[in-house]
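The letter at position 110 of the sequence shown is residue 502 when you use our numbering, and the numbering goes up by one with no holes.
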Amino acid sequence: MARPVRRSVLGGSALLCASWLLSGCSSALYGDALYRLQLATAGKDVMWMPSSQAISMAMLKAANTQASDVVYDLGSGDGVIPILAAKHFGSRAVGIEYNPDLVELSRRNALRAGVADRTSFMKADLFEVDFSKASVVTLYLGEAINLKLVPRLEGLKPGTRIVSNRFDLGSWRADRIINEVPDELAMLWIVPARLQGRWRTASRIGLGFEAVEIIQSHQMIELRTVGSGLAARVGEGRISGMDVSIEIQHGQSAPLSLRGSLSSDGQRLSLTATADARLTNPQAIELIRF
């Protein structure tokens with residue numbers, strides 16, 4: 393199904409809207425015999441803009457969408473992304489759309505595509521609806537709405553994949569840029585676990601400190617020593633879901649690379665490193681919250 397998706401465009405996307413209008417696309421009609429939608433028609437604080445099937449598929453592939461996933465499309469328009477997720481990836485998919493006519497159109501499109509049993513569409517305000525069960529979230533909303541959604545998106549379960557067509561999430565930098573489709577751009581984020589706080593070593597690691605404070609900004613972390621005296625920066629790292637990679641600095645030596653994961657209760661960080669003379673037990677490095 394190649395129909396475009398209804399998308400909201402706000403604020404900083406005025407030039408994008410203008411380019412569509414100047415290209416003459418605003419006269420195009422989309423929908424079916426029961427409901428027709430004209431491109432760039434004003435809606436609730438938004439304009440109706442299309443998203444190609446090619447970029448929609450690229451977004452779902454970048455998110456490594458599986459049959460076990462629950463996909464939520466925020467601002468789902470005529471339902472293309474939920475329908476693609478169900479038809480090509482076997483996922484359960486939910487579309488959130490404010491326009492009731494588009495909700496009904498989406499249901500008809502899903503029925504025609506043979507995936508009505510794996511998709512659902514609801515008329516709702518995306519700032520009020522609960523999408524906490526999502527393991528994949530797709531967006532094509534606009535800069536202003538994306539920024540308002542960041543706190544809720546960061547609060548999703550670690551490992552949830554977020555894919556946005558064209559618009560970023562402000563200071564939360566994308567984990568991957570999706571540019572395989574000519575003249576199209578999307579971005580992928582993986583919700584990071586929360587490591588912010590103080591951690592002590594459960595084993596003697598021989599690096600001159602026994603406790604650190606982890607300072608977190610989205611998926612990026614910085615490690616500083618804890619104790620008497622001035623805190624010193626001793627490392628930095630990155631979080632991807634529950635997985636953690638850290639580079640620890642120690643004097644003039646080369647950085648020590650650690651890889652590991654956070655426990656399901658969020659209280660233990662288990663790390664490993666290649667054999668290193670600075671470590672008394674390089675295969676069992678564990679940090680515990682305190």
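Ideal placement from N, C-alpha and C gives every residue a C-beta, glycine not left out.
- When the Cα atoms are used, P647 and I488 turn out to be separated by approximately 46 Å.
- Take N538, set aside five residues on each side of it, and the residues of its chain with a beta-carbon closer than 6 Å to its own are F559, L561, in chain order.
- Per DSSP, the beta-bridge partners of L561 are W564.
- Per the C-alpha coordinates, the member of L518, I613, A594, T664 positioned closest to P584 is I613.
- E602 sits in coil when the DSSP states are folded into three classes, being neither helix nor strand.
- Apart from the 5 residues on each side of it in sequence, L466 sits with its Cβ closer than 6 Å to the Cβ of I488, L518, L531 in its chain, given in chain order.
- Checking the DSSP bridge columns, you'll see G629 partnered with I613, I638.
- Going by C-alpha positions, D575 is about 19 Å away from I473.
- Its chain contains V486 as the residues whose beta carbon lies nearer than 6 Å to that of S512, once the 5 sequence neighbours on both sides are disregarded; these appear in chain order.
- Judged by beta-carbon spacing, V462 lies beyond the 8 Å limit of A516, meaning their Cβ atoms are not closer than that value.
- By DSSP's assignment, Q430 forms a beta bridge with L421.
- At a Cβ-Cβ threshold of 8 Å, V495 and M514 count as neighbours.
- Sixteen is the threshold: when 16 or more other Cβ atoms of the shown chains lie within 10 Å of the Cβ of L663, as they do, the residue is buried.
- For Y464, the beta-bridge partners assigned by DSSP are V486, V529.
- Distance from the CA of D567 to the CA of G551, rounded to the nearest whole angstrom, comes to 12 Å.
- Contact between A536 and V507 does not hold, since the beta-carbon distance rounds to 32 Å and is not under 8 Å.
- The beta carbon of R428 sits closer than 8 Å to those of L421, Y422, all from its chain and outside the five residues before and after it, given in chain order.
- If you check the CB distance, M451 and N557 come in under 8 Å.
- Beta-bridge partners assigned by DSSP to T664: R651.
- Between L548 and S563 a beta carbon distance of about 18 Å is seen, past the 8 Å cut, so the two are scored as non-contacting.
- Residue environment analysis places D470 among the buried positions, since at least 16 neighbouring C-beta atoms fall within 10 angstroms of its C-beta.
- Residue pairing of I607 in beta bridges, as defined by DSSP: E614.
- Per DSSP, K515 lies in no alpha helix (DSSP H); the unbroken beta strand (DSSP E) holding it starts and ends at 511–515.
- Inclusion of L577 and R553 in the CB contact set at 8 Å is not warranted, their separation being larger than that value.
- A direct Cα-Cα distance of roughly 28 Å separates V555 from D424.
- The three-state secondary structure of V472, taken from DSSP, is helix.
- According to the DSSP assignment, E535 belongs to the alpha helix (DSSP H) that extends over 535–546.
- In the structure shown, V555 falls within a strand segment according to DSSP collapsed to helix, strand and coil.
- Per DSSP, the continuous alpha helix (DSSP H) segment holding E496 begins and ends at 492–505.
- If you check the CB distance, G589 and R681 come in under 8 Å.
- DSSP links L580 through a beta bridge to V555, R568.
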